[in-house]
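Okay, so here's the structure we're looking at.
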Amino acid sequence: MEKRSASNSTKTEDSYPRFSLSSLGFGPSATSKCSLPPPPPPVEVLLSEEESSVKSNVESIIIDEGLTLLKGRVSTFDVFGVANSDLVPGKYEGGLKLWEGSIDLVKRLQSEVQEGQLLLRGKRVLELGCGHGLPGIFAGLVGAGAIHFQDFNAEVLRSLTIPNVKVNLEKHLNQQLSLLTDNNSISISPDVRFFAGDWNEVHQILPYGCNTVDQKETNVSLEDKSLDGYDVILMAETVYALSSLHSLYGLIKRSMHHPSGVIYMAGKKHYFGVGGGTRQFVNLVEEDGLMRACLLAGVADGSSNVREVWKFIFK
Ligand SMILES: C[S@@+](CC[C@H](N)C(=O)[O-])C[C@H]1O[C@@H](n2cnc3c(N)ncnc32)[C@H](O)[C@@H]1O
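Residues in the sequence shown are numbered consecutively from 15, following our numbering.
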């Protein structure tokens, strides 16, 4: 039985874990990849597959005076059988915790929308490495037409992302909500879907995709695929492991609309001890030469090392 209790907490120490050598030594790429088990096959998780047997507390995250988001808190022990704060290579990749970058990203998205720099209404949005999914949820609140959430772990989607989506979006989208109880499946409008899988493989099941990578592989012209792909890709705290940056960038190139797609990325400038960071990802993108990177914000609030929000568009 689902157990939920409301509280009004905002930031808590263990909501915002810091990377450490012990935690970041894990991850699908931070350790020697060959010692890791193969990732679970990519799979779509249905909204109706919400895991309700895991105890979850609901907390408020105050973004600013006008915007408060709700988030669940579940224990990694209850979901994965491992102690809180552990990352287990190839098994659990940290999605049950709320990382600082996702709040930075929501704040930046909100100001981009308010300043007319970003239109999310009606757009196809993909949040990579979503965990709690707050940036994708924000996109839903301002009218995105499709929001697709990706995480390494189906368990994270079932026990945390889906409940977060429901508690935030159902409240705000009540009038657009359409509940269909056909074969026990429930869908809400807008098009909200959930995909679990490794960045090397999950493109196989994502509904939208194009372009540059597949173009090279299949000789399909960009013009033929220009209507495909996500308009906006969001990701927070996904660039910590140096050796997974290529697969992450490859997935983006396969998934992003050409030529108008845009990526918003939040993360730490450096993840000490593991080699990843926003600047490493920016270097990778700039060396590839397809996209232009633009620094939108630097955050040095003392709660972690310096964090950044970046935007990428096609040249
Ligand atoms: C540090 S967590 C960040 C979670 C969330 N975006 C936040 O900021 O709170 C990193 C996320 O990336 C996902 N991830 C990490 N490596 C991955 C990989 N190789 N393939 C797919 N997802 C991965 C994890 O599942 C996790 O949700």
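Cβ coordinates follow ideal geometry from the N, Cα and C atoms, glycine included.
Residue i beta carbon near ligand 1 (any heavy atom closer than 7 Å)
i, result
"E73", "no"
"Y84", "It should be pointed out that residue 84 corresponds to Leu in this sequence rather than to Tyr. No - ligand 1 has no heavy atom lying nearer than 7 Å to the Cβ of L84."
"G264", "no"
"S258", "yes"
"G145", "yes"
"V170", "yes"
"N167", "yes"
"D212", "yes"
"S261", "yes"
"L112", "yes"
"T90", "no"
"S116", "yes"
"A311", "no"
8 Å contact criterion, which residue i and residue j should meet: CB distance rounded
i, j, result
"S317", "E79", "The pair is not a contact, with the Cβ atoms about 20 Å apart (cut-off 8 Å)."
"Q310", "K329", "The sequence given here places Leu at residue 310; Gln does not occur at that position. Not a contact, Cβ separation roughly 18 Å."
"V156", "V127", "6 Å"
"L110", "V93", "6 Å"
"F166", "A210", "7 Å"
Proximity below 8 Å, CB of residue i to CB of residue j
i, j, result
"G243", "H271", "yes"
"L134", "S269", "no"
"L256", "G281", "no"
"V299", "Y263", "yes"
"S116", "H146", "yes"
"G159", "G130", "no"
"S70", "V88", "yes"
"G108", "L50", "no"
"K267", "N319", "no"
"P204", "I161", "yes"
"A168", "V57", "yes"
Alpha-carbon to alpha-carbon, residue j and residue i
i, j, result
"I277", "L248", "6 Å"
"V120", "P149", "5 Å"
"G223", "S261", "15 Å"
"V294", "R321", "Per the sequence shown, residue 294 should be read as Gln rather than Val. Using only the alpha carbons, I get a separation of about 13 Å."
"G86", "E73", "6 Å"
"D315", "I75", "17 Å"
"T292", "T252", "9 Å"
"S125", "F152", "12 Å"
"L83", "L183", "10 Å"
"V170", "E65", "9 Å"
"F163", "N214", "16 Å"
"H186", "V206", "14 Å"
"M279", "L132", "14 Å"
"I327", "V68", "40 Å"
"P273", "I77", "31 Å"
"K212", "E301", "Note on residue identity: the sequence assigns Asp, not Lys, to residue 212. Using only the alpha carbons, I get a separation of about 24 Å."
"G275", "C144", "19 Å"
Local Cβ density within 10 Å of residue i, reported as buried at 16 or more and exposed below that
i, result
"C308", "exposed"
"F220", "The sequence as given places Leu at residue 220; Phe does not occur at that position. It counts as buried."
"R306", "exposed"
"H217", "buried"
"S1", "An answer regarding residue 1 cannot be provided, because it is not within the stretch 15 to 329 covered by the chain."
"V246", "buried"
"L142", "buried"
"L81", "exposed"
"G208", "In the sequence as presented, Gly is not what sits at residue 208; that position holds Phe. By the 10 Å Cβ count, F208 comes out buried."
"P55", "exposed"
"P52", "exposed"
"G154", "buried"
"G95", "exposed"
Contact test: residue i Cβ vs ligand 2 heavy atom, cutoff 7 Å
i, result
"F328", "Within the structure as shown, ligand 2 is missing, the only ligands being ligand 1."
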